[in-house]
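Chains as they are written, first to last, in the working numbering: chain A, 3 to 424; chain B, 24 to 355; chain C, 629 to 906. Built from N, CA and C at the ideal position, the CB exists for glycine as well. All of these numbers come straight from a predicted model, not from anything done at the bench. To start, the structure under review is shown below, and the notes come after it.
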Amino acid sequence: MKTKLMHRILACGGIAVLSAGLLAGCSPSGGSTSSSSDKPSGEITYALQSFAQPQIKPIIDEFTKETGITVKFASGPATDQDLLTQLVPAFTSNTSPYDVIDTGDPSVSALAAGGWLAPLSDVAVKEYTDDLSAGMAAAHKQWNQKDGNTYRLYHNFELGYSWSNEALLAANGLTTPKTWADIETVGAALKAKGIYSFADAASKPGLTFVYLAYLTAQAGGNLYQADAGTKQAFEFAKKLIDEGYAPKDALTWTYDQQNQAYMSDRVATMRQWTFFNDVAPANKEWYAPEKAVLVDPPAGPGGAKTWAGGWGMSVPKAAKNKSAAMKFVEWMNQPEVAIKLAKASSFFVTARTSVLDALGTSGIAKVLKHYSDSGFVTPRPYHPQAAKTETIVDEIGQSYLTGQMNINTAMSELKKQLADLG
Amino acid sequence: MSDPNSVAAARMRVSASAAVTEAFHEPRFSLRWTIARILGTVWTPKKLGILAIILVAPALLIRMITSIYPFLATAWTSFTDSSAYVQNPVFIGLKNYEQVLGNPATQKALIFTITFAIASTILEIVGGFALALLLNAKFRLRSLLRAVVLLPWAIPAIVSALGFRFIFSQGSGILPTMLEYMNIHIDWLTSPLWAQVAVIMANVWRSVPFIAFVVLAGLQGVPDELYEAAKVDGAGWWRVHSQIVLPLVMPLMITMGVFMIIFQIGTFDTIYGMTGGGPGSATQVLPYLAYQDAFIGLNYGRSSALSMILFLLVLAVGVCALGRFRKFEVEL
Amino acid sequence: MRSRFTKIVPYIGLVAFLIIFGIPVYWILLSSVLPPNQNLSSPPTLFTLHPTLQSFERALQQGPGIEYLRNSLIFALSSSLASVFLAFFAAYAFARLKFRGSGALMLLLLLTMALPQIATTIPLFQLYAKLGLVDTVGGLVLLEASVLVPMTAWLMVSFIKQIPADLENAAYIDGANFVQTIQLIVMPLMRPAFITMFLLNFITSWNELFYPLVFSSSSASRTLTVGLVQLNQENSGAAARPWDLMSAYAAIMIIPIIILVALMQRRIIAGLTAGATK
Numbered sequence: 003m004k005t006k007l008m009h010r011i012l013a014c015g016g017i018a019v020l021s022a023g024l025l026a027g028c029s030p031s032g033g034s035t036s037s038s039s040d041k042p043s044g045e046i047t048y049a050l051q052s053f054a055q056p057q058i059k060p061i062i063d064e065f066t067k068e069t070g071i072t073v074k075f076a077s078g079p080a081t082d083q084d085l086l087t088q089l090v091p092a093f094t095s096n097t098s099p100y101d102v103i104d105t106g107d108p109s110v111s112a113l114a115a116g117g118w119l120a121p122l123s124d125v126a127v128k129e130y131t132d133d134l135s136a137g138m139a140a141a142h143k144q145w146n147q148k149d150g151n152t153y154r155l156y157h158n159f160e161l162g163y164s165w166s167n168e169a170l171l172a173a174n175g176l177t178t179p180k181t182w183a184d185i186e187t188v189g190a191a192l193k194a195k196g197i198y199s200f201a202d203a204a205s206k207p208g209l210t211f212v213y214l215a216y217l218t219a220q221a222g223g224n225l226y227q228a229d230a231g232t233k234q235a236f237e238f239a240k241k242l243i244d245e246g247y248a249p250k251d252a253l254t255w256t257y258d259q260q261n262q263a264y265m266s267d268r269v270a271t272m273r274q275w276t277f278f279n280d281v282a283p284a285n286k287e288w289y290a291p292e293k294a295v296l297v298d299p300p301a302g303p304g305g306a307k308t309w310a311g312g313w314g315m316s317v318p319k320a321a322k323n324k325s326a327a328m329k330f331v332e333w334m335n336q337p338e339v340a341i342k343l344a345k346a347s348s349f350f351v352t353a354r355t356s357v358l359d360a361l362g363t364s365g366i367a368k369v370l371k372h373y374s375d376s377g378f379v380t381p382r383p384y385h386p387q388a389a390k391t392e393t394i395v396d397e398i399g400q401s402y403l404t405g406q407m408n409i410n411t412a413m414s415e416l417k418k419q420l421a422d423l424g
Numbered sequence: 024m025s026d027p028n029s030v031a032a033a034r035m036r037v038s039a040s041a042a043v044t045e046a047f048h049e050p051r052f053s054l055r056w057t058i059a060r061i062l063g064t065v066w067t068p069k070k071l072g073i074l075a076i077i078l079v080a081p082a083l084l085i086r087m088i089t090s091i092y093p094f095l096a097t098a099w100t101s102f103t104d105s106s107a108y109v110q111n112p113v114f115i116g117l118k119n120y121e122q123v124l125g126n127p128a129t130q131k132a133l134i135f136t137i138t139f140a141i142a143s144t145i146l147e148i149v150g151g152f153a154l155a156l157l158l159n160a161k162f163r164l165r166s167l168l169r170a171v172v173l174l175p176w177a178i179p180a181i182v183s184a185l186g187f188r189f190i191f192s193q194g195s196g197i198l199p200t201m202l203e204y205m206n207i208h209i210d211w212l213t214s215p216l217w218a219q220v221a222v223i224m225a226n227v228w229r230s231v232p233f234i235a236f237v238v239l240a241g242l243q244g245v246p247d248e249l250y251e252a253a254k255v256d257g258a259g260w261w262r263v264h265s266q267i268v269l270p271l272v273m274p275l276m277i278t279m280g281v282f283m284i285i286f287q288i289g290t291f292d293t294i295y296g297m298t299g300g301g302p303g304s305a306t307q308v309l310p311y312l313a314y315q316d317a318f319i320g321l322n323y324g325r326s327s328a329l330s331m332i333l334f335l336l337v338l339a340v341g342v343c344a345l346g347r348f349r350k351f352e353v354e355l
Numbered sequence: 629m630r631s632r633f634t635k636i637v638p639y640i641g642l643v644a645f646l647i648i649f650g651i652p653v654y655w656i657l658l659s660s661v662l663p664p665n666q667n668l669s670s671p672p673t674l675f676t677l678h679p680t681l682q683s684f685e686r687a688l689q690q691g692p693g694i695e696y697l698r699n700s701l702i703f704a705l706s707s708s709l710a711s712v713f714l715a716f717f718a719a720y721a722f723a724r725l726k727f728r729g730s731g732a733l734m735l736l737l738l739l740t741m742a743l744p745q746i747a748t749t750i751p752l753f754q755l756y757a758k759l760g761l762v763d764t765v766g767g768l769v770l771l772e773a774s775v776l777v778p779m780t781a782w783l784m785v786s787f788i789k790q791i792p793a794d795l796e797n798a799a800y801i802d803g804a805n806f807v808q809t810i811q812l813i814v815m816p817l818m819r820p821a822f823i824t825m826f827l828l829n830f831i832t833s834w835n836e837l838f839y840p841l842v843f844s845s846s847s848a849s850r851t852l853t854v855g856l857v858q859l860n861q862e863n864s865g866a867a868a869r870p871w872d873l874m875s876a877y878a879a880i881m882i883i884p885i886i887i888l889v890a891l892m893q894r895r896i897i898a899g900l901t902a903g904a905t906k
């Protein structure tokens, strides 16, 4: 009896070793199976953040109906850091688990620089570029194009919006702060009640950068120069924390913790991404229109500003079904499809002229148009190695904000570490 | 050595020879048949040598491929400008090391890596000893305690790290809420010092059980006569344990301590899940820094330099330990 | 001598340690049966009368959760089987066939354990890229098994040495060859040791984060640990972090471990302490 068992364990062990070798042997070896005919067909895998998948599924079904290409969703990475750590090993071995991937700004520039993305077909690009509003065209040129090739098309163009709990402010005899000075005044007035005048989740990785880049834009600075405006922005952020006008805990917060704080009336105004527009009304116990009012961004020394960035579709060089992938990107970015997508999901709202015109009178698109028209929108700070530089800003920013270094060290460190990247 | 004439041995021999007879009737050319022909039953030293090589080779080979080769390659890479953006990396001497060591964030990470490993180890040894004494005592529900104590060690480190992140967070976390009732307010994860305390606490929580069970095994090796003798001498609980038991398990605890320091210098999961090195770089450690440089910065040369510094740290601890405790050799 | 006080002390310790070690695990488990909106409530929820399995349904029915679970199982089972298998033969040679240089080889094998994982990762990932092993469960198993081999072999040596060599000698004298001796004499006696090492290695590889994090690119090879980390990162500003999924993943990872610990406590502890007491 026992011998049999041992036998089996022995056999299983052997099989495990062998199968590890075998599995290893029959790994995907690239090579497209459907390149024989000109007409793209077969199946493609599209890596998209999971929450957006059900929202756009019906439109994808139309694509399949029209072209015969089936689209399989895979849950795509949600941060640029995550995206690089997941995909670079695969791309280096000249394979790709996906045919189309959703990429953020920093990751697309890293992937294009690594030579791992396929230039998108001219057909798709031409129509797209003609349709961009000015701010988005600048961002497109900066992030999506390299050496005359286009490596990504934005399907999502996000702004950091300002929300104000006007009900809460009014109850305390206050109004929405319009400038940095106002934020401080309101903060001083609300402090005794345990309410913060402003909040932005700023945890690592990535979110500290988002916040500091936002303030730097308002200070009129250039983050990657570590200039006077950058210094001003850092100092303002520190002052808000030290005076108790903004929560120190926000340095560990994620965006939902920020929403949670806002929706329990502990925060009067905040910078937040588009998705809060859906989150707030969903909280029926708390919501009232005057509690979540979209307002203009507060003005710093450089004016009322916010920055924009987004996610878009790229095709890996090693994609197995590249022709179908190209067809898909092309189809998805036609103006009439883009409008449908924007209506289906806030993750597909962009500042394309066609989309803005179609949605311009309602919801978030109206505010997007207003922000763009009023000149509030600056581009995301650009660096060819943005994924790395954003983690540098995270680290130095947090170190400064928690009192681990003074402002001068922070600025000189920022300069030095950026210079070290070469 | 057991008695070769024992009943059990005899029975084993009989059943073995029966099975052997059966085995020889197997079809030819099976793997087993082939091996039997090669080796037979006559053992010459040469045959034994071949056998030993055949037996050891797979394990050794697979381990060499996944450790020695990549380690040497890492050492080489650390002297090159290798990155995702460079097609043909070239030798650049010590430039990576200069850059890395000249960076205050690395220096801080280096210091915290050491602090983290040593502070954790000391607390684990102290806590492990206390827990081992408790587990060694006789009381009801002891086996329940054993099972519960095993859990922190057995559950995934990344789960406990993420769990602790929320246990320590203001508002929704248990710990700050409890402390708030006692009117104690601590910025656990936003103050650099407290964040360091928090990650060390979480790490100790995870590792104390392991130490406790090892020390417990040592305690169970203390002969009962010693306790009896001490009792006859009129020594109380405290004196028995501090003057007799502690010195007896001390060598074991020191060996474990060295092992834990080396092991915890390479810590990754806890930091990655709990603070991501934050706030700022207060809880940053070398392995996570090297990981970020490699897979976010895509700068393989610099990441390798960090890895080599990490390795030198391990080596230093190892050499110190060997010099200090020469008698704890690897015994086969 | 034994006052009432000394009788109470263990129970005070018991309660203290039960709270310290039990509460965090309990809290993680609890959050998996709370409805999604209660996960972040402030003050924290400490118990519930209305547990719900909603988040488990979502974790296993939608998205790649079930694939991650499958990968984790295959990965952990194969790694532990392969490592026990490889280590047993090496250990047998080390324990019984004292060949020249055996001590040095064992030491070398053990020393590789001191190498931090990150110190070998970059070349491995370049090697794996060339061999096409990136994003395959097989590639991960090879790595994990090789990492587990040194410790397993070392402990196995002590387990094998506890078996009297006379039994094997007797079998050889009776005309058994090597394979038969191993199979009929050594392996049955090693059964407890196999189970112990298998359990320890299963737990270690079930919990492994680093290698899958580096070498997995998609749900073809991603394990639950990496899946959890990924959910934790879903916080880019496009959507809320899926707390319910995270707690479900965490619970799915913890529950098998709790069952193993409850059933196999003694074997696991035997393995943990084997290296220390020999």
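Please report the distance separating the alpha-carbon of residue i from that of residue j.
i: residue 828 of chain C; j: residue 182 of chain B; result: 18 Å
i: residue 329 of chain B; j: residue 321 of chain B; result: 13 Å
i: residue 316 of chain B; j: residue 293 of chain B; result: 18 Å
i: residue 12 of chain A; j: residue 184 of chain B; result: With a pLDDT of only 48 at residue 12 of chain A, under the threshold of 50, the placement of this residue in the model should not be trusted; the figure read from the coordinates follows. Rounded to whole angstroms, residue 12 of chain A to residue 184 of chain B spans 36 Å at the Cα level.
i: residue 335 of chain A; j: residue 315 of chain A; result: 9 Å
i: residue 53 of chain A; j: residue 103 of chain B; result: 42 Å
i: residue 761 of chain C; j: residue 282 of chain A; result: 46 Å
i: residue 147 of chain A; j: residue 121 of chain A; result: 9 Å
i: residue 101 of chain A; j: residue 60 of chain A; result: 20 Å
i: residue 221 of chain B; j: residue 147 of chain B; result: 14 Å
i: residue 790 of chain C; j: residue 75 of chain B; result: 20 Å
If the cut is a Cβ gap below 8 Å, which residues of chain C does residue i touch?
i: residue 109 of chain A; result: Result: empty, since nearest Cβ-Cβ is about 11 Å, beyond 8 Å.
Which residues of chain C have a Cβ atom closer than 7 Å to the Cβ of residue i, listed in chain order?
i: residue 138 of chain B; result: Chain C residues near residue 138 of chain B: none, gap ~17 Å exceeds 7 Å.
Can you name, in chain order, every residue of its own chain whose Cβ lies under 6 Å from the Cβ of residue i, other than the five neighbours on each side?
i: residue 264 of chain A; result: 272
i: residue 195 of chain A; result: none
i: residue 250 of chain B; result: none
i: residue 193 of chain B; result: 199
Quick one: list the residues of chain B neighbouring residue i, beta-carbon separation under 9 Å, in chain order.
i: residue 814 of chain C; result: Here the premise fails: no neighbours, minimum Cβ distance about 11 Å.
List, in order along the chain, the chain C residues whose C-beta lies closer than 9 Å to that of residue i?
i: residue 255 of chain B; result: Residues of chain C passing the Cβ test: none, with the nearest at roughly 12 Å.
So which residues on chain A does residue i lean against when the C-beta distance must stay under 7 Å?
i: residue 212 of chain B; result: 254
i: residue 127 of chain B; result: 415
i: residue 107 of chain B; result: 90, 116
Between which residues of its own chain and residue i is the CB-CB distance below 8 Å, once the five residues before and five after are set aside?
i: residue 93 of chain A; result: 113, 116, 118, 318, 319, 320
i: residue 810 of chain C; result: 720
Residue i versus chain A: which residues are under 9 Å apart at the beta carbon?
i: residue 753 of chain C; result: 90, 91, 94, 95
Can you name, in chain order, every residue of its own chain whose Cβ lies under 7 Å from the Cβ of residue i, other than the five neighbours on each side?
i: residue 403 of chain A; result: 239, 240, 243, 253
Run through chain D and tell me which residues come within less than 8 Å of residue i, C-beta to C-beta.
i: residue 112 of chain B; result: Absent from the structure: chain D. Protein chains present are A, B and C.
Cβ pair count under 8 Å reaching 3, the segment 300-315 of chain B against the segment 732-747 of chain C: Note that the segment 300-315 of chain B touches the segment 732-747 of chain C; at least 3 beta-carbon pairs, one per stretch, sit closer than 8 Å.
Give, in chain order, every residue of the segment 287-320 of chain B whose Cβ lies closer than 7 Å to some Cβ of chain A. 299, 300, 301, 302, 303, 304, 305, 315, 318, 319, 320
Residues of the segment 177-205 of chain B whose Cβ lies closer than 7 Å to any Cβ of chain A, in chain order: Residues 192, 193.
Are the segment 840-853 of chain C and the segment 640-654 of chain C in contact at 8 Å, needing three or more beta carbon pairs? no
Contacting positions in the segment 677-700 of chain C - beta carbon closer than 9 Å to chain B: none
Do the segment 227-234 of chain B and the segment 416-423 of chain A meet, that is, are 3 or more Cβ pairs less than 8 Å apart? no
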